[in-house]
Amino acid sequence: MNTKKTLFFSTYNTLHTLPSAQLWIGNHTHILETVELFLQKLLCNNNNCATCITCLQIREKQHHAIMWLHPEKNYTIDQLDDLFTALSFQLQPNEHFFFILQKADYLTTACANKLLKSIEEPPTGYHFILLAEQIEQILPTIRSRCITHTFNNSYLLQNNNPIFECFTTKAITSDQFSRTIDTTPINERESIELLTQIIHYWLIIYQQKIQTNEISQVSALITKLQQAQLHPPMPGSCTLFWRNLYLQVHKELLSITQTPL
């Protein structure tokens with residue numbers, strides 16, 4: 005565990021020191037794993053043993069004192085109904101309940117506005133933890149009501165998604181990529197997120213190679229990827245989007261990945 009995360013956990017190591025509303029910014033998979041560990045440290049009676057029923061229920065998202073919310077695309081008002089129903093119940097003294105809003109950057113303006121009062125002044129014992137990758141997508145009114153923590157994004161260099169690997173570390177032919185994309189389900193929102201991560205990867209590589217001969221090839225690759233960001237896939241066109249993009253950047257990818265990064 006890195007120093008920053010250790011300091012964060014030690015700052016909020018009891019339920020009595022926990023802010024009522026937090027906003028965590030970072031890669032979704034990473035901060036989701038981190039919030040599970042965080043909740044285990046708070047709720048497990050055996051110091052986050054990872055094996056007791058409490059720890060298992062948290063990992064399986066079945067714990068009675070935690071409500072996990074995850075949008076299919078953008079959040080809708082209907083998806084928040086269970087949250088507001090739960091908030092209507094008064095907790096017992098020293099009882100605590102957590103709302104974990106995954107992908108909080110998918111909150112629509114209407115949903116965010118409806119949450120404002122509850123996030124600002126939740127009933128005693130209730131806590132909000134909002135998880136997001138893009139802080140600029142969170143309304144300032146929400147941000148101002150939360151304690152914000154940003155987690156290191158260096159792990160973005162490691163992503164097991166087959167498409168990510170094909171655009172970063174795995175040199176394959178166009179035909180091989182076509183077979184990969186045909187067997188890798190991905191929607192429009194996921195495509196946008198994945199492309200952002202791929203660009204982030206190559207921006208880091210660009211900084212590493214700034215004094216090497218490959219710098220121009222990496223720069224050309226980044227330019228093409230950023231151009232693709234301006235024209236994201238339309239509904240139902242993700243497979244075609246990725247296939248065409250791979251054809252556009254295959255030459256640069258092959259050249260760069262033939263040399264150890």
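All residue numbers for the sequence shown refer to this note's numbering, where the first residue is 5 and numbers rise by one.
Each residue gets a CB set at the ideal place from its N, CA and C atoms; glycine is no exception.
All values derive from a computational prediction rather than experimental measurement.
Should Pro237 go down as buried or exposed, given a rule of 16 or more other Cβ atoms within 10 Å for buried?
To locate residue 237, count along the sequence shown from 1; it is residue 233. The residue in question, Pro237, is buried, as its Cβ has 16 or more Cβ neighbours within 10 Å.
May I have the straight-line CA-CA distance separating Tyr250 from Leu135, to the nearest angstrom?
As a working mapping, residue 250 is identified with position 246 in the sequence shown. As a working mapping, residue 135 is identified with position 131 in the sequence shown. So the two alpha carbons sit approximately 31 Å from each other.
For Thr173 and Asn191, the rounded distance between their alpha carbons:
The residue you call residue 191 lines up with position 187 of the sequence shown. The residue you call residue 173 lines up with position 169 of the sequence shown. Rounded to whole angstroms, Asn191 and Thr173 show a C-alpha spacing of 22 Å.
By Cβ distance below 7 Å, which residues in the same chain neighbour Gly129 in space, the five residues on each side in sequence not counted?
Here the question's residue 129 lines up with position 125 in the sequence shown. So the qualifying residues of the chain are Leu95, Glu99, His100, Phe101.
Could you tell me the alpha carbon to alpha carbon distance between Leu4 and Gln252, rounded to whole angstroms?
Outside the shown range of the chain, which is 5 to 265, sits residue 4, and nothing can be said about it.
Integer-rounded CB distance, given that Thr188 should sit under 8 Å from Ile167
Within the sequence shown, numbered from 1, the residue matching residue 167 stands at position 163. Within the sequence shown, numbered from 1, the residue matching residue 188 stands at position 184. That pair is a contact at about 6 Å.
Could you tell me the distance, in whole angstroms, from the CA atom of Glu197 to the CA atom of His67?
Taking the first residue of the sequence shown as 1, we reach residue 197 at position 193. Taking the first residue of the sequence shown as 1, we reach residue 67 at position 63. Whole-angstrom Cα-Cα distance: 29 Å.
Quick one: what does DSSP say Tyr130 is sitting in, helix, strand or coil?
As a first step, residue 130 must be located in the sequence shown, where it is residue number 126. Correct three-state label for Tyr130: strand.
Cα-Cα separation between Asn52 and Leu91, rounded to whole angstroms:
Locating residue 52 in the sequence shown gives position 48, counting from the first residue. Locating residue 91 in the sequence shown gives position 87, counting from the first residue. Using only the alpha carbons, I get a separation of about 27 Å.
Between Arg147 and the rest of its own chain, which residues show a CB-CB distance below 8 Å, the 5 nearest in sequence each way excluded?
On the sequence shown, position 143 is the one that residue 147 refers to. In chain order, Leu27, Ile139 place their CB closer than 8 Å to the CB of Arg147, counting only its own chain and leaving out the 5 sequence neighbours on each side.
Report the option in Lys121, Ile35, Asp179, Leu120 whose CA atom is closest to the CA atom of Gln106.
Taking the first residue of the sequence shown as 1, we reach residue 106 at position 102. Distance check between Gln106 and each of Lys121, Ile35, Asp179, Leu120 places Ile35 closest, using alpha-carbon atoms only.
Please identify the residue among Leu47, Ile62, Leu22 whose C-alpha is closest to the C-alpha of Glu37.
Counting from 1 along the sequence shown, the entry for residue 37 is found at position 33. With distances taken between Cα atoms, Glu37 lies closest to Ile62.
At what residues does the alpha helix (DSSP H) containing Ile146 begin and finish?
As a first step, residue 146 must be located in the sequence shown, where it is residue number 142. Run containing Ile146: 144 to 147, per the alpha helix (DSSP H) assignment.
Three-state secondary structure (DSSP) of Leu22:
Position 18 of the sequence shown, counting from 1, holds the residue named residue 22. Coil, per DSSP.
Roughly how far, in whole angstroms, is the beta-carbon of Ile81 from the beta-carbon of Val39, given that I think they are within contact range, below 8 Å?
By one-based count along the sequence shown, residue 81 stands at place 77. By one-based count along the sequence shown, residue 39 stands at place 35. Cβ atoms of Ile81 and Val39 stay farther apart than 8 Å, at about 24 Å.
For Phe127, collect the residues of the same chain with a Cβ closer than 8 Å to its Cβ; drop the 5 residues on either side in sequence, then sort them by chain order.
Residue mapping note: residue 127 aligns to position 123 of the sequence shown, counting from 1. According to the sequence shown, residue 127 is Pro rather than Phe. Excluding residues up to 5 positions away in sequence, Leu91, Gln94, Leu95 lie with their Cβ nearer than 8 Å to the Cβ of Pro127 in the same chain.
Out of Arg247, Pro239, Ser223, which has the shortest C-alpha to C-alpha gap to Ser259?
Mapped onto the sequence shown, residue 259 falls at position 255. Of Arg247, Pro239, Ser223, the smallest CA-CA separation from Ser259 is found for Ser223.
Mind listing, in chain order, the continuous alpha helix (DSSP H) runs of no fewer than 4 residues lying wholly within the stretch 198 to 257?
DSSP assignment within the stretch 198 to 257 yields the following whole alpha helix (DSSP H) runs of 4 residues or more, N-terminal first: 219 to 233.
Spatial neighbours of Pro23 within its chain, please: CB distance less than 6 Å, with the 5 preceding and 5 following residues excluded, ordered by chain position.
Sequence index remark: in the sequence shown, residue 23 carries index 19 (1-based). Ile151, listed in sequence order.
Using DSSP bridges, identify the partner residues of Ile81.
One-based indexing of the sequence shown puts residue 81 at position 77. None; Ile81 has no bridge partner.
Which word fits Asn248, buried or exposed, when buried means at least 16 other C-beta atoms lie within 10 angstroms of its C-beta?
Numbered from its first residue, the sequence shown carries residue 248 at position 244. Under this definition Asn248 is an exposed residue.
Tell me which residue opens and which closes the beta strand (DSSP E) that Thr304 is part of.
Because the chain is modelled from 5 through 265, residue 304 falls outside the range shown and cannot be assessed.
Check whether chain B comes within 8 Å of Thr184, counting only Cβ atoms and requiring the distance to be less than that.
You won't find chain B in this structure, because it holds only one protein chain.
Tell me whether Thr89, by its Cβ, gets closer than 7 Å to a heavy atom of the ligand HEM.
The ligand content of the structure shown is nil, which means the ligand HEM is not present either.
Would you decide whether Thr227 is buried or exposed? Buried here means 16 or more other CB atoms lie within 10 Å of its CB.
Here residue 227 refers to the residue found at position 223 when the sequence shown is read from its first residue. Thr227 is exposed by the Cβ-count criterion.
Have a look at Tyr205 and Arg183 and give me their C-alpha separation to the nearest angstrom.
Counting from 1 along the sequence shown, the entry for residue 205 is found at position 201. Counting from 1 along the sequence shown, the entry for residue 183 is found at position 179. Their Cα atoms are separated by approximately 23 Å.
Within its chain, find whatever has a CB closer than 6 Å to the CB of Phe171; leave out the 5 residues flanking it on each side and keep chain order.
In the sequence shown, counting from the first residue as 1, residue 171 sits at position 167. Apart from sequence neighbours up to five positions away, the residues of its chain that approach Phe171 with a beta-carbon distance below 6 Å are Ile202, ordered along the chain.
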